[in-house]
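Following: one structure in structure tokens, then a few remarks.
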Amino acid sequence: MSQISYRPETADDAPLIEALLERAFGPGRHAKAADRLRENNRLIPELSFTAWDGDRLAGSVRMWPVTIAGEPVVFLGPIAVEAELRKHKIGQQLVELACEASARVGWRAVLLVGDAPYFGRVGFEAEPARGVVMPGPVDQRRVLLKPLRDGGADGLAGPVWR
0 MSQISYRPET ADDAPLIEAL LERAFGPGRH AKAADRLREN NRLIPELSFT AWDGDRLAGS
60 VRMWPVTIAG EPVVFLGPIA VEAELRKHKI GQQLVELACE ASARVGWRAV LLVGDAPYFG
120 RVGFEAEPAR GVVMPGPVDQ RRVLLKPLRD GGADGLAGPV WR
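Per numbering that gives the first Met the number 0, the sequence shown starts with residue 0, numbered consecutively.
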């Protein structure tokens, strides 16, 4: 592994990212409730990041606009890192970059569905998301929220829409 570099996603990255997601999650990823929020939604490329090991895509995180009961927030996911590089904190760095970029441009909070112990290391919690209702079945303990400013999670309860 060479030095990992990070940059915002570009349109040219899309085929490489799709191939990475296919390797990481398989075709079943489209059946998940979280995918409903990405379907027919507009990716926010300036908040979505890629990690590169030389000229090889090593990881990706994508961000999407959604609302919780009409309040705009950004939805994180999917995040994927090549299997042999998963112990190098590339995923954590991608999440931190995406959250920092989202805060800089004024988003109030980031929502995701994921592993609480993993995402808890970068400030995501289940408690602020307890009233968030995802489209379709999901384990509510995996619905996590990270406020990006003081009061960023206040009043965020209700259905999530794209």
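Just so it is clear, CB atoms sit at the ideal spot from N, CA and C, and this is done for glycine as well. Values in this document were obtained by computation on a predicted structure and should not be read as measured data.
Rounded to whole angstroms, the gap between the alpha carbons of G122 and A108 is 11 angstroms. Taking all protein chains in view, the Cβ of D12 is crowded by 16 or more other Cβ atoms within 10 Å, so the residue is classified as buried.
Per the Cβ contact rule, the region 131 to 151 is in contact with the region 95 to 108 (3 or more Cβ pairs under 8 angstroms). Here the alpha carbon of V65 sits roughly 28 angstroms from the alpha carbon of R85. For the pair L75 and W63, the Cα-to-Cα distance works out to about 7 angstroms. Assignment of beta-bridge partners to D54 by DSSP yields no partner. Burial state of P116 is exposed, judged by a 10 Å Cβ sphere holding fewer than 16 other Cβ atoms.
No Cβ-Cβ contact shorter than 8 angstroms links L143 with V72.
The three-state secondary structure of R141, taken from DSSP, is helix. The Cβ-Cβ distance between I78 and I3 does not fall below 8 angstroms.
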